[in-house]
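Peer 1: Please see the structure below; I have some questions.
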Amino acid sequence: MSNPQDTVAGSQAVGGTETDDWRTRLVEFSKSDFVRSFPFWFVPFSIMGLGVYGGIGYNTLISLTDYEGFNEGPDYTNLDLGMYVQAVNDPWVWTTSKNTFVLLIVFTTITMLLGLFLAIMLDRGIRYREKIQTIYLLPMALSFVVTAQFWLWMYNVNNGLVNTVVGLFGLGPYNWIGDPQLVLGSVIFALIWQFSGYAMVVFLAGLQSIPDDQFEAAKVDGASVFKTYWRVIIPQLKSSSVSAAVVLMIFALKAFTFLFSMFGQYRVPKGTDILATLMVREAFKLQNWAYAAAIATILLLMALAVIAPYLHYQHKQGSL
Amino acid sequence: MVMYVGPIMVPMPRKGNSGGDEGSLTRRRLIQVGSLGVGMMVAGCSEGDGGSDGGSDGDGGGDGDGGGTATMTDNPMEALHGWTGGDGAAAIGKLVDMWEEQYPDTAHDIKPIGGDANENLNSTVARRLANRNPPDAFASWPGKTMEQYGGRLMSITDVWEANNYTETMHPKSLGENKLNGEFRAIPLGSHRLNNLFYNVSILEEAGVDPESLTSYDNFIDALDAVDQNTDAIPMTITTRGSWANLQYFVEFMLGTEGQEPYEAFLDGDGDKQALVRALEKTQNVIENYTNDDKSSISFPEANDKLINGNAAFFTMGNWAYGMYRNTDNFEYEEDWGWVAFPGTADMYVWHLDSFLFPRDGNAPQKARTFAKFLGTKDVQVEFNNLKGSIPLRTDVDGSRLTDFLNLNVEDLNSLEKFPPTLAHGLAATAEDLSACKDAIASNFMGPYDPEATAEELMSVF
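In order, the protein sequence lines correspond to chains A and B.
The opening position of the first sequence corresponds to residue 40 in the working numbering, with each subsequent residue numbered one higher.
The opening position of the second sequence corresponds to residue 49 in the working numbering, with each subsequent residue numbered one higher.
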């Protein structure tokens with residue numbers, strides 16, 4: 040692609056005089072890939088940059104001020120880490136951080152394993168494949184507002200479906216929502232139900248891009264089905280798992296929507312209170328804007344801390 | 049298709065790349081100019097963002113000044129409220145109709161912000177006040193809750209005085225609608241909090257005389273009687289949100305310890321043992337006499353159990369009454385009845401719904417007209433009849449109200465004890481209320497720990 044450009048630019052340089060050197064360079068620059076592609080990447084880049092990185096930057100800046108209430112705007116002259124010190128000393132931040140961490144890890148891990156399992160099952164060419172695929176993907180299409188409400192009904196201790204089912208095995212009834220020990224697990228389970236179909240589709244796409252030869256070659260070499268997947272196929276799904284993991288983590292952070300729909304308020308039971316709900320409470324109920332911004336930054340760092348080792352590993356492996 | 053697309057698609061990029069001929073030069077220039085324009089737009093936006101604090105301040109000030117000289121702007125009067133469904137929606141719908149009838153030429157934008165318990169309304173208001181883009185009026189709780197908006201509200205004392213509302217509104221409501229010595233809100237209705245609703249037929253079956261429900265001990269006897277003599281749940285409750293548990297505690301506190309220890313607690317001068325005793329009684333009822341699914345149902349779902357004949361008692365602000373009225377063949381004193389929460393017969397636990405008026409709105413004169421309108425007798429009667437709350441005008445003809453509301457009006461005008469509600473913002477600032485809910489959420493939503501709850505509640509005030 041760049042070859043014809045170089046040729047054109049070069050020929051013009053030869054034709055021009057020595058004093059026009061800067062002009063030549065400018066013309067050359069204006070014809071470079073950078074400038075030519077500019078209109079195509081700059082618009083999305085600037086919108087995204089402003090929205091995402093601008094937002095992160097502004098949020099971080101606010102978190103260093105003492106901004107609160109309605110009457111005065113943030114004062115940028117006196118920046119310090121006071122809000123972070125306050126956050127570290129706030130027991131609610133610790134409780135919600137712990138819950139957020141558990142939610143991130145457990146939800147993402149189980150959803151990916153389940154998605155991988157389902158994808159492999161489907162890829163084996165089982166019967167009614169398309170129908171099963173649709174059934175598993177369908178929950179993903181539903182809004183959190185809907186799924187939160189019907190999981191709330193299903194978790195009802197008296198007439199909920201979940202207790203009816205575990206009752207068949209002589210267990211329960213459990214107070215899924217009321218028991219602080221169980222409520223986080225209940226929420227995670229509902230989220231897994233909703234998103235395992237998504238992980239399945241991502242892995243399925245990855246699996247289907249792997250040529251059949253490799254299965255045949257493994258078979259010829261005498262590898263068992265399990266070994267074929269473990270040694271040959273799954274290692275090739277790294278890029279699928281990176282994208283699945285990133286998206287699932289984002290969904291885990293978005294569990295706010297699910298919790299808000301389930302409990303109808305920003306204040307959710309302590310057992311399932313996460314940093315996102317705490318942040319919204321501090322900001323929009325109490326107008327502690329700077330403190331809420333500090334919590335947001337902690338949430339961001341936590342997400343990065345969880346995903347960074349994984350991304351680093353994938354990068355070293357060359358799949359990123 | 050493939051044959052046709054192929055030859056055209058492939059040369060196109062090459063032509064663009066060659067860059068020599070004039071045709072593609074103009075096209076490229078066009079794109080360059082266009083992208084420059086977009087770039088400038090983006091830059092412009094970001095500058096606008098950066099300068100928003102200063103810029104919009106100026107805007108708001110300008111409009112506000114315009115209003116100050118008593119000239120009407122062309123802007124519609126924007127009022128936000130949270131009544132999106134049921135009685136609230138019907139009541140505000142009626143209010144809008146009345147406004148359009150009385151002020152046909154005054155443009156308005158009275159709109160609901162949905163969500164349970166005004167959650168979205170409050171956050172929308174907070175966002176808009178912080179961004180210096182306030183609505184002209186919004187529904188909220190006055191009293192201590194209003195303090196968080198201090199500095200952002202305008203005085204409507206002139207409206208109160210010009211319309212004699214200072215004389216005709218309930219005297220207890222005056223102070224609650226003032227902030228820093230000026231009226232900044234106007235009350236629309238009051239809900240009573242200390243209610244015990246009951247299902248008449250279940251109480252008959254259990255052999256309980258509702259007149260006997262005058263103390264905690266009598267109440268426990270009644271709950272036991274329902275438990276032993278009927279299949280019904282003695283008391284249906286919701287514990288989905290910590291506000292509900294906080295409210296139950298306050299009811300038991302007022303019913304067993306009385307108004308003075310409660311208000312001493314709010315003043316930061318409370319007796320911890322009084323709180324512990326009240327919390328233990330609350331715990332006793334919640335753990336032993338209520339529905340199992342309390343933590344996953346909302347208050348309307350809890351109230352449904354009473355309506356369906358599955359539960360005997362229900363306590364809630366009297367907004368619950370709207371559900372009875374909207375149920376066919378479910379009549380006051382035939383199917384459901386009311387007594388004051390045991391031990392609080394001489395009290396009216398006090399709650400107010402008001403409209404608050406921000407300064408620097410877009411239509412301050414229209415907002416004043418709206419404030420005047422909200423205080424009129426007709427609006428107070430019509431709105432509250434549908435909403436199931438009680439008008440604050442003391443000069444309303446009681447026959448215009450439903451029987452149940454009229455009974456409460458009589459109490460409102462004759463009782464002397466008005467302990468303010470804690471869970472509904474009259475008695476505590478937003479910050480303190482949040483801390484109280486934290487205390488409940490940590491220690492009193494199962495497992496129940498009265499000692500630790502009392503400790504933490506005491507530290508709030």
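C-beta: ideal position from N, C-alpha, C; glycine also.
1. Within 10 angstroms of its Cβ, does THR214 (chain B) collect 16 or more other Cβ (buried), or is it exposed?
2. Could you tell me which chain A residues have their CB closer than 9 Å to the CB of GLU308 (chain B), listed as they occur along the chain?
3. Bridge partners of ILE281 (chain B), per DSSP?
4. Taking Cβ to Cβ, would you say MET125 (chain B) is nearer than 7 Å to PHE418 (chain B)?
5. Kindly indicate if chain A contains any beta-carbon less than 7 Å away from that of GLY446 (chain B).
6. Which residue's Cα is closest to the Cα of PHE362 (chain B): B:GLU311, B:ASP445, B:PHE421, B:ALA280?
7. Based on the DSSP output, what are the partners of GLU308 (chain B) in its beta bridges?
8. Sorted by chain position, which residues of the same chain lie with C-beta nearer than 6 Å to LEU155 (chain A)'s C-beta, five sequence neighbours on each side aside?
9. My assumption, with CB atoms under 8 Å, is that ALA292 (chain B) sits in contact with GLU305 (chain B). Please give the rounded CB distance.
10. Is there contact between the region 273-287 of chain A and the region 146-166 of chain A, where contact requires at least three CB pairs shorter than 8 Å?
11. Quick one: residues in its chain with C-beta nearer than 6 Å to the C-beta of GLN428 (chain B), no 5 flanking neighbours on either side, listed in chain order?
12. Taking the C-alpha atoms as reference points, what is the distance between MET87 (chain A) and THR267 (chain A)?
13. Rounded to a whole number of angstroms, what is the C-alpha to C-alpha distance between SER447 (chain B) and ASP269 (chain B)?
14. Just verifying my parser: in three-state terms, what is the DSSP assignment at VAL387 (chain B)?
15. Which chain A residues sit within Cβ distance under 7 Å of LEU222 (chain B)?
16. Buried or exposed for GLY71 (chain B), going by 16 or more other Cβ atoms inside 10 Å?
17. Mapping the DSSP letters down to three states, classify ILE227 (chain A) as helix, strand or coil.
18. Taking 8 Å as the cut-off, does the region 364-375 of chain B touch the region 251-262 of chain B (at least 3 CB pairs, one atom from each stretch)?
19. When burial is assigned at 16 or more other CB atoms within 10 Å of the CB, is GLN331 (chain B) buried or exposed?
20. Ordered along the chain, which non-local residues of its own chain (more than five positions away) have a Cβ less than 7 Å from that of GLU321 (chain A)?
21. Could you please give the first and the last residue of the uninterrupted beta strand (DSSP E) stretch that includes LYS159 (chain B)?
22. The beta strand (DSSP E) spanning TYR246 (chain B) covers which residue range?
23. Are ALA415 (chain B) and GLY409 (chain B) close, meaning C-beta to C-beta below 7 Å?
24. Drop a sphere of 10 angstroms on the beta-carbon of TYR115 (chain A), count the other beta-carbons inside from all chains shown, and report buried for 16 or more, exposed for fewer.
25. Once DSSP output is grouped into helix, strand and coil, what is the label at SER72 (chain B)?
26. What residue range does the beta strand (DSSP E) around MET125 (chain B) cover?
27. Less than 7 Å between the beta carbons of VAL324 (chain B) and PRO467 (chain B), yes or no?
28. Listed in chain order, which residues of the region 178-204 of chain A have Cβ atoms closer than 7 Å to some Cβ of chain B?
29. Can you tell me where the alpha helix (DSSP H) holding PRO467 (chain B) begins and where it ends?
30. Along chain A, which residues have their Cβ under 8 Å away from the Cβ of ASN225 (chain B)?
31. Quick check: what's the CA-CA separation for HIS399 (chain B) versus LEU340 (chain A)?
32. What does the alpha-carbon distance come out to for the pair GLY255 (chain B) and GLY357 (chain B)?
33. Quick check: the Cα distance between GLU349 (chain B) and ASN123 (chain B), rounded to an integer number of angstroms?
34. Using three-state DSSP, classify MET493 (chain B) as helix, strand or coil.
35. With a floor of 4 residues, list each alpha helix (DSSP H) that falls wholly inside the region 286-343 of chain B, ordered by position along the chain.
36. Checking contacts by CB at 7 Å: is GLY217 (chain A) closer than that to chain B?
Peer 2: According to the structure shown:
1. exposed
2. None at all; the shortest Cβ gap to chain A is about 30 Å.
3. B:ALA359
4. yes
5. no
6. B:ALA280
7. DSSP lists no partner for GLU308 (chain B).
8. PHE242
9. Actually they are not in contact, since the Cβ atoms of ALA292 (chain B) and GLU305 (chain B) sit about 20 Å apart, beyond 8 Å.
10. yes
11. PRO439, ARG441
12. 41 Å
13. 37 Å
14. strand
15. Chain A residues near LEU222 (chain B): none, gap ~24 Å exceeds 7 Å.
16. Residue placement at GLY71 (chain B) is flagged as unreliable, the pLDDT there being 43, under the threshold of 50; the coordinate-derived value follows with that caveat. It counts as exposed.
17. helix
18. no
19. buried
20. ASN327, TYR330, ALA331, ILE334
21. 156-160
22. 243-247
23. yes
24. exposed
25. Any reading at SER72 (chain B) needs caution, since the residue's pLDDT is 46, under 50, leaving its predicted position unreliable; the model's value is listed next. Helix.
26. 125-129
27. no
28. LEU191, TYR194, ASN195, VAL196, ASN197
29. From DSSP, PRO467 (chain B) is part of no alpha helix (DSSP H); its letter is neither H nor E.
30. Here the premise fails: no neighbours, minimum Cβ distance about 19 Å.
31. 43 Å
32. 16 Å
33. 41 Å
34. coil
35. 290-304, 307-314, 320-337
36. yes
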